[in-house]
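Novice: Numbering (this note's numbering), first residue to last: 27 to 171. Dumping the structure here so I can ask a few things about it.
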Amino acid sequence: MSSLRLDRDGRLIIGGVGNIAGPQGAVHRSWPARKLAQIYPELAGTPFEHEWSGAIAMISDHLPKVVSIGPRALSIYGYSGRGIGPGTVFGRAAARALLHGDPTALPLAIAQRRSERFRTLRTLSYEVGATAMHAIRTRRHPFTE
Numbered sequence: 027m028s029s030l031r032l033d034r035d036g037r038l039i040i041g042g043v044g045n046i047a048g049p050q051g052a053v054h055r056s057w058p059a060r061k062l063a064q065i066y067p068e069l070a071g072t073p074f075e076h077e078w079s080g081a082i083a084m085i086s087d088h089l090p091k092v093v094s095i096g097p098r099a100l101s102i103y104g105y106s107g108r109g110i111g112p113g114t115v116f117g118r119a120a121a122r123a124l125l126h127g128d129p130t131a132l133p134l135a136i137a138q139r140r141s142e143r144f145r146t147l148r149t150l151s152y153e154v155g156a157t158a159m160h161a162i163r164t165r166r167h168p169f170t171e
């Protein structure tokens, strides 16, 4: 899974999956440069200004959740890797709901907190898969993703 877009200042943002911290971090940090060079060879060797990573909330029913985490505080998670667009919509709706005290402004009803079964095992499997794909795919053939 990868994404490419321009931000409002015209900077190119390339995204993928994988945690850049820990022993597998070097694989994930080198992948965007290789991918970008395959798509835009003229950008090969261009240094990145910033890098960051975070968790992708992959949940078993694949539906985002809105939960209350305190008075006038919400947490929204579970976009299952599809959070860029929906996260913006949900964030604006959450701001309206909190500012006006109106939970009906949310796209989904506030849910009870829940925990995923086998979360650690699932996280490990996604990370191993992402590491393997980043280590192999962009070295084989351009445009295989």
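In this text, a Cβ means the ideal position worked out from N, Cα and C, and glycines have one as well.
Where does T170 sit, in a helix, a strand or coil, going by DSSP?
Specialist: Taking the sequence shown and counting its residues from 1, the one referred to as residue 170 is at position 144. Per-residue confidence for T170 stands at a pLDDT of 47, beneath the threshold of 50, marking its modelled position as unreliable; no derived number is given.
Novice: Mapping DSSP to helix, strand and coil, what is V53?
Specialist: As a working note, residue 53 is residue 27 in the sequence shown. Helix, per DSSP.
Novice: Could you tell me whether the segment 87-100 touches the segment 59-69, where touching means 3 or more Cβ pairs closer than 8 Å?
Specialist: The segment 87-100 vs the segment 59-69: no contact.
Novice: Within the continuous beta strand (DSSP E) that includes L30, where are the two ends?
Specialist: Within the sequence shown, the letter at position 4 stands for residue 30. First-last of the beta strand (DSSP E) with L30: S29 to L32.
Novice: Would you identify the three-state DSSP class for A99, choosing helix, strand or coil?
Specialist: Along the sequence shown, read from residue 1 onward, the residue named residue 99 stands at position 73. Correct three-state label for A99: strand.
Novice: Identify which residue in P133, L100 and I39 has its Cα closest to the Cα of S28.
Specialist: As a position in the sequence shown, residue 28 is number 2, starting the count at 1. That would be I39, whose Cα lies nearest to the Cα of S28.
Novice: Name the one or two DSSP bridge partners that S174 has.
Specialist: A question about residue 174 goes unanswered here, because the residues of the chain that appear run from 27 up to 171.
Novice: Using 8 Å as the threshold, is the segment 102-114 in touch with the segment 47-60, meaning 3 or more CB pairs across them?
Specialist: Contact between the segment 102-114 and the segment 47-60 is absent, because fewer than three Cβ pairs lie under 8 Å.
Novice: Suppose contacts are defined by Cβ-Cβ distances below 8 Å. Is L100 in contact with L125 by that definition?
Specialist: As a working mapping, residue 100 is identified with position 74 in the sequence shown. As a working mapping, residue 125 is identified with position 99 in the sequence shown. It is not a contact, given that the beta carbons lie outside the stated cut-off.
Novice: Grab the span of the alpha helix (DSSP H) containing I110 for me, first residue to last.
Specialist: Counting from 1 along the sequence shown, the entry for residue 110 is found at position 84. Its alpha helix (DSSP H) spans residues I110 to H126.
Novice: Check I162 in the structure and name its three-state DSSP category.
Specialist: Walking along the sequence shown from the start, residue 162 turns up at place 136. If DSSP states are grouped into helix, strand and coil, I162 belongs with the helices.
Novice: Would you mind working out which of A137, G109, I46 and R145 sits nearest H76, comparing C-alpha positions?
Specialist: As a first step, residue 76 must be located in the sequence shown, where it is residue number 50. Cα-wise, what sits closest to H76 is I46.
Novice: Less than 8 Å between C-beta atoms, sequence neighbours within five positions excluded: which residues of the same chain meet that for Q138?
Specialist: Here residue 138 refers to the residue found at position 112 of the sequence shown. Excluding positions up to five away in sequence, the list reads V93.
Novice: Return the CA-CA distance between R140 and I85, expressed in angstroms with no decimal places.
Specialist: Taking the sequence shown and counting its residues from 1, one reaches residue 140 at position 114. Taking the sequence shown and counting its residues from 1, one reaches residue 85 at position 59. Cα to Cα, R140 sits roughly 10 Å from I85.
Novice: Taking C-alpha atoms, which residue in R37, A83, A158 and L147 lies nearest to G113?
Specialist: Locating residue 113 in the sequence shown gives position 87, counting from the first residue. Ranking R37, A83, A158 and L147 by Cα distance to G113 puts A83 first.
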